[in-house]
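Okay, so here's the structure we're looking at.
Number of protein chains: 2
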Amino acid sequence: MRILVLGGDGYLGWPTALHLSQRGHEVGVADSLVRRHYDDEMGVSSLVPIRQLQRRVSTWKEVSGHTIQPFIGDLTNYAFVTETLRSFEPEAVVHFAEQRSAPYSMIDRDHAVYTQVNNVVGTLNMLYAIAELDPSIHLVKLGTMGEYGSPNIEIEEGFIEITHKGRTDLLPFPKQPNSFYHLSKVHDSHNIMFACRTWGLRSTDLNQGIVYGQQTPETVLHPDLATRVDYDAVFGTVLNRFAVQAAVGYPLTVYGKGGQTRAMLEIRDTLACVELACLNPAEAGEFRVFNQFTESFSVRQLAEWVQRVAPMDVKIESIPDPRVEKEEHYYQAVTTRLPELGLKPHLLGDDFVRSLVELAVRHKDRVNVEAIRPTVNWRVTRSEVSVAGGSVGE
Amino acid sequence: MRILVLGGDGYLGWPTALHLSQRGHEVGVADSLVRRHYDDEMGVSSLVPIRQLQRRVSTWKEVSGHTIQPFIGDLTNYAFVTETLRSFEPEAVVHFAEQRSAPYSMIDRDHAVYTQVNNVVGTLNMLYAIAELDPSIHLVKLGTMGEYGSPNIEIEEGFIEITHKGRTDLLPFPKQPNSFYHLSKVHDSHNIMFACRTWGLRSTDLNQGIVYGQQTPETVLHPDLATRVDYDAVFGTVLNRFAVQAAVGYPLTVYGKGGQTRAMLEIRDTLACVELACLNPAEAGEFRVFNQFTESFSVRQLAEWVQRVAPMDVKIESIPDPRVEKEEHYYQAVTTRLPELGLKPHLLGDDFVRSLVELAVRHKDRVNVEAIRPTVNWRVTRSEVSVAGGSVGE
Numbered sequence: 013m014r015i016l017v018l019g020g021d022g023y024l025g026w027p028t029a030l031h032l033s034q035r036g037h038e039v040g041v042a043d044s045l046v047r048r049h050y051d052d053e054m055g056v057s058s059l060v061p062i063r064q065l066q067r068r069v070s071t072w073k074e075v076s077g078h079t080i081q082p083f084i085g086d087l088t089n090y091a092f093v094t095e096t097l098r099s100f101e102p103e104a105v106v107h108f109a110e111q112r113s114a115p116y117s118m119i120d121r122d123h124a125v126y127t128q129v130n131n132v133v134g135t136l137n138m139l140y141a142i143a144e145l146d147p148s149i150h151l152v153k154l155g156t157m158g159e160y161g162s163p164n165i166e167i168e169e170g171f172i173e174i175t176h177k178g179r180t181d182l183l184p185f186p187k188q189p190n191s192f193y194h195l196s197k198v199h200d201s202h203n204i205m206f207a208c209r210t211w212g213l214r215s216t217d218l219n220q221g222i223v224y225g226q227q228t229p230e231t232v233l234h235p236d237l238a239t240r241v242d243y244d245a246v247f248g249t250v251l252n253r254f255a256v257q258a259a260v261g262y263p264l265t266v267y268g269k270g271g272q273t274r275a276m277l278e279i280r281d282t283l284a285c286v287e288l289a290c291l292n293p294a295e296a297g298e299f300r301v302f303n304q305f306t307e308s309f310s311v312r313q314l315a316e317w318v319q320r321v322a323p324m325d326v327k328i329e330s331i332p333d334p335r336v337e338k339e340e341h342y343y344q345a346v347t348t349r350l351p352e353l354g355l356k357p358h359l360l361g362d363d364f365v366r367s368l369v370e371l372a373v374r375h376k377d378r379v380n381v382e383a384i385r386p387t388v389n390w391r392v393t394r395s396e397v398s399v400a401g402g403s404v405g406e
Numbered sequence: 013m014r015i016l017v018l019g020g021d022g023y024l025g026w027p028t029a030l031h032l033s034q035r036g037h038e039v040g041v042a043d044s045l046v047r048r049h050y051d052d053e054m055g056v057s058s059l060v061p062i063r064q065l066q067r068r069v070s071t072w073k074e075v076s077g078h079t080i081q082p083f084i085g086d087l088t089n090y091a092f093v094t095e096t097l098r099s100f101e102p103e104a105v106v107h108f109a110e111q112r113s114a115p116y117s118m119i120d121r122d123h124a125v126y127t128q129v130n131n132v133v134g135t136l137n138m139l140y141a142i143a144e145l146d147p148s149i150h151l152v153k154l155g156t157m158g159e160y161g162s163p164n165i166e167i168e169e170g171f172i173e174i175t176h177k178g179r180t181d182l183l184p185f186p187k188q189p190n191s192f193y194h195l196s197k198v199h200d201s202h203n204i205m206f207a208c209r210t211w212g213l214r215s216t217d218l219n220q221g222i223v224y225g226q227q228t229p230e231t232v233l234h235p236d237l238a239t240r241v242d243y244d245a246v247f248g249t250v251l252n253r254f255a256v257q258a259a260v261g262y263p264l265t266v267y268g269k270g271g272q273t274r275a276m277l278e279i280r281d282t283l284a285c286v287e288l289a290c291l292n293p294a295e296a297g298e299f300r301v302f303n304q305f306t307e308s309f310s311v312r313q314l315a316e317w318v319q320r321v322a323p324m325d326v327k328i329e330s331i332p333d334p335r336v337e338k339e340e341h342y343y344q345a346v347t348t349r350l351p352e353l354g355l356k357p358h359l360l361g362d363d364f365v366r367s368l369v370e371l372a373v374r375h376k377d378r379v380n381v382e383a384i385r386p387t388v389n390w391r392v393t394r395s396e397v398s399v400a401g402g403s404v405g406e
């Protein structure tokens with residue numbers, strides 16, 4: 013199958029491209045490489061060293077014999093989008109290519125506007141290009157479980173049957189996102205749903221949980237093939253962050269009570285889910301939503317897990333929650349569509365948590381400890397353009 | 013009360029500013045004047061001649077003795093937003109300042125992207141500026157009943173109590189908008205809801221129906237005070253359009269079966285609703301939604317009404333629906349919040365319909381008949397930048 017991975021230079025985009033290539037698909041990756049620029053802006057680097065995209069692709073060719081075709085450009089540039097689709101002629105487009113950090117979107121007005129414009133316009137361009145050039149292309153879009161927020165009812169997969177005053181309808185599940193980043197994904201979901209209904213496009217919205225882990229069967233074949241790991245307070249995500257904090261002797265930073273419960277999954281399951289979605293495409297005109305996660309954990313539970321299995325002495329510190337969110341809440345979400353298609357989850361275990369800590373220990377000299385503590389506070393609105401860059405990490 | 017009307021040069025913004033000024037409020041209007049540019053782009057003009065904003069304001073001063081302070085600039089320019097707020101120091105901001113045509117947003121990719129970026133960024137800027145400068149400012153935002161689409165259950169005012177698998181929550185009413193314009197309003201609603209929850213802002217989202225009429229007690233005081241009337245297929249709305257079509261002897265263009273049912277209200281009720289929302293502000297942190305309409309009609313019903321009361325012979329023509337929408341559907345929506353605050357609706361009657369036709373007859377020499385038939389088709393995706401302007405109205 014011909015699959016184009018947008019954002020194919022990123023944390024998940026790159027290993028997804030490798031996985032699909034290894035499985036025999038014809039793979040292209042498109043990326044603006046802006047994720048590397050965010051590192052420079054934040055003054056941090058991936059825990060594990062990563063190679064440039066061109067080197068990654070050439071090493072993959074040497075190691076596996078498979079070709080991955082790179083396209084360097086930005087989805088907000090419509091000419092780039094159409095030229096890439098015309099050149100590669102994909103059957104499926106896997107869309108990871110968005111600014112994906114909630115704290116980054118909350119730095120100030122500039123970053124909020126950038127995140128929403130970048131994500132919404134990139135996706136609008138892709139929808140128009142698919143409609144124009146080949147409406148049969150299946151758009152596999154990465155959304156997030158964070159679109160739903162934490163309602164007091166069970167979260168369904170995208171749609172919910174509501175009976176109200178004696179009438180019944182199947183309607184989009186109400187969304188309560190908690191950052192301008194999460195909001196941008198909600199905007200995307202509405203735009204894509206409309207394009208499917210109006211133009212007959214086919215799309216799968218993968219509402220993904222928080223991903224942990226770094227190694228996949230392909231990335232471990234050669235150091236050049238490694239994918240990035242973020243541990244900083246802006247781009248790092250919960251379990252990966254805790255492993256690094258343990259490795260450098262930093263107390264695990266639990267926000268408030270730590271009762272925030274989140275849907276999660278291991279990196280290898282992300283790759284499997286994406287391939288399953290591609291191999292079982294949505295119908296023409298269909299907008300479907302898969303909740304892409306395998307387990308749910310509270311933040312405190314994860315901190316205690318790392319503390320329990322890490323080989324070193326680990327402290328847990330509760331710090332004031334920089335986000336405006338419920339620190340304890342009901343959380344239950346359905347995920348049946350991907351298991352029905354054949355997903356066999358890798359559930360979290362002691363060995364995996366320990367291996368994450370060991371990975372962090374191997375690279376701990378690369379950690380900038382200054383970047384661990386959160387500096388972006390949801391309650392503080394910084395709007396001035398002049399302070400945008402310099403304000404972070406100070 | 014000090015009230016700043018964003019989009020105060022437009023069809024509803026201008027008469028709203030006059031109404032509030034006449035009622036003794038201190039009124040400022042902010043406008044980029046881009047609505048006049050859309051006229052040039054489309055090759056049409058308001059049915060009724062309108063004056064430039066500066067002249068409108070000076071005539072109003074002569075006629076009423078009241079001052080309306082104009083601010084010319086664009087909400088996507090953050091410096092303009094903050095300078096205007098700092099200068100005027102409003103207690104309430106009434107936000108009409110968005111690209112408000114569904115067909116305009118569907119012309120091509122350029123217009124879709126423009127509509128979403130313009131509307132979303134303008135509103136984001138206003139949220140940041142209010143949070144920065146004075147979080148007590150009440151944002152009265154014009155949304156649309158079109159955000160809801162036409163679900164098979166009764167439409168509530170913004171939120172719906174859902175009982176699901178034995179648990180209950182009050183959640184945002186699911187949205188199913190039918191154009192990139194309507195989608196932009198849904199994006200705004202989600203962004204504003206988040207800003208209220210996170211920053212403690214106060215906002216009222218007025219989900220307005222389709223407005224008809226042109227005259228208000230203030231606009232009729234002098235020809236310089238007239239507000240615009242649009243009759244073309246891109247910016248014209250249903251009842252106003254039909255009145256003009258009757259006046260020029262053009263068959264009333266009903267899309268498909270004409271069973272599309274829409275919530276509607278008279279222009280004077282819009283002004284009353286906006287003032288009621290300002291005088292009864294939302295609480296700090298509250299995001300509330302009022303469904304702002306008085307009656308619902310199907311498109312065919314309105315066409316037949318015009319046919320029945322117009323003094324001339326009127327034909328009705330069913331043309332293929334250029335939109336992708338249900339041509340017949342269930343439609344029932346709640347509106348209790350505004351009547352509770354004191355709204356006394358002006359319901360539609362024969363005399364009013366006849367007066368609309370008479371207004372159109374008086375100005376029928378100004379009508380460009382070529383602009384009446386729809387040229388924007390929801391099913392056609394035109395993405396190329398080069399055809400954007402020239403393709404409309406050809």
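Residue numbers (my numbering), protein chains in the order written: chain A, 13 to 406; chain B, 13 to 406. Ideal placement from N, C-alpha and C gives every residue a C-beta, glycine not left out.
Under a Cβ-count criterion, where at least 16 other Cβ atoms within 10 Å of its own Cβ denotes burial, should residue i be classed as buried or exposed?
| i | result |
| --- | --- |
| residue 363(B) | exposed |
| residue 324(B) | exposed |
| residue 305(B) | buried |
| residue 394(A) | buried |
| residue 406(B) | Annotation note: pLDDT 32 at residue 406(B) (below 50); position unreliable, no value reported. |
| residue 313(A) | exposed |
| residue 397(B) | Note that residue 397(B) scores a pLDDT of 43, beneath 50, so its modelled location is shaky; the value from the coordinates is reported in the next line. With fewer than 16 other Cβ atoms within 10 Å, it is exposed. |
| residue 66(A) | exposed |
| residue 354(A) | exposed |
| residue 390(B) | buried |
| residue 146(A) | exposed |
| residue 49(A) | exposed |
| residue 331(B) | exposed |
| residue 404(B) | Bear in mind that a pLDDT of 40 at residue 404(B), under 50, signals an unreliable position, so the model cannot answer this. |
Just to confirm the assignment, what range does the beta strand (DSSP E) spanning residue i have?
| i | result |
| --- | --- |
| residue 358(B) | Segment: none, residue 358(B) is in no beta strand (DSSP E) and carries neither H nor E. |
| residue 263(A) | Premise fails: residue 263(A) is in no beta strand (DSSP E) and is neither H nor E. |
| residue 174(A) | 171 to 176 |
| residue 310(A) | 307 to 310 |
| residue 331(B) | 328 to 331 |
| residue 273(A) | 273 to 278 |
I need the boundaries of the alpha helix (DSSP H) containing residue i, first residue and last residue.
| i | result |
| --- | --- |
| residue 111(B) | No alpha helix (DSSP H) contains residue 111(B), which DSSP labels as neither H nor E. |
| residue 103(B) | It is not in any alpha helix (DSSP H) - residue 103(B) carries neither H nor E in the DSSP assignment. |
Can you tell which of the options has the C-alpha that lies nearest to the C-alpha of residue i?
| i | options | result |
| --- | --- | --- |
| residue 129(A) | 346(B), 88(B) and 338(B) | 88(B) |
| residue 266(A) | 276(A), 253(A), 277(A) and 260(A) | 253(A) |
| residue 103(A) | 390(A), 294(A) and 379(A) | 294(A) |
| residue 387(B) | 119(B), 40(B) and 307(B) | 119(B) |
| residue 153(B) | 275(B), 290(B) and 308(B) | 290(B) |
| residue 338(A) | 42(A), 33(A), 163(A) and 30(A) | 163(A) |
| residue 385(B) | 302(B), 319(B) and 250(B) | 250(B) |
| residue 275(B) | 134(B), 92(B), 257(B) and 219(B) | 219(B) |
| residue 209(A) | 352(A), 107(A), 96(A) and 299(A) | 299(A) |
Per DSSP, residue i is paired with what?
| i | result |
| --- | --- |
| residue 215(A) | 151(A) and 299(A) |
| residue 181(B) | 174(B) |
| residue 249(A) | None, per the DSSP bridge assignment. |
| residue 224(A) | 278(A) |
Residues, ordered as in the chain, of the stretch 71 to 102 of chain A that lie near chain B by beta-carbon distance below 7 Å
Shown in chain order are the members of the stretch 71 to 102 of chain A whose Cβ falls below 7 Å from a Cβ of chain B: 90.
Chain A contacts made by the stretch 101 to 129 of chain B, where a contact means CB separation under 7 Å:
Using a CB distance below 7 Å, the part of the stretch 101 to 129 of chain B facing chain A consists of 121, 124, 125, 128 and 129, ordered along the chain.
When you check each C-beta in the stretch 192 to 203 of chain B against every C-beta of chain A, which residues fall closer than 8 Å?
Result list: 192, 195, 198, 199, 202 and 203.
Determine which residues of the stretch 330 to 359 of chain A have a Cβ less than 7 Å from any Cβ of chain E, and write them out in chain order.
Among the protein chains of the structure shown, namely A and B, there is no chain E.
Output needed in chain order: residues of the stretch 157 to 173 of chain B with a Cβ under 7 Å from some Cβ in chain A.
Cβ contacts with chain A come from 163, 164, 165, 166 and 172.
Could you name the residues of the stretch 133 to 156 of chain A whose beta carbon sits closer than 8 Å to any beta carbon of chain B, in the order they occur along the chain?
Across the stretch 133 to 156 of chain A, CB contacts with chain B closer than 8 Å involve 133, 136, 137, 140, 141, 143 and 144, in sequence order along the chain.
Residues, ordered as in the chain, of the stretch 369 to 387 of chain B that lie near chain A by beta-carbon distance below 9 Å:
For chain A, none of the residues of the stretch 369 to 387 of chain B brings a beta carbon within less than 9 Å of one of its beta carbons.
Closer than 8 Å, Cβ to any Cβ of chain B: which residues of the stretch 206 to 222 of chain A, in chain order?
Flagged, chain order: 206, 209, 210 and 211.
Against chain A: residues of the stretch 283 to 304 of chain B by CB proximity under 8 Å:
Along the stretch 283 to 304 of chain B, none of the residues has a CB nearer than 8 Å to a CB of chain A.
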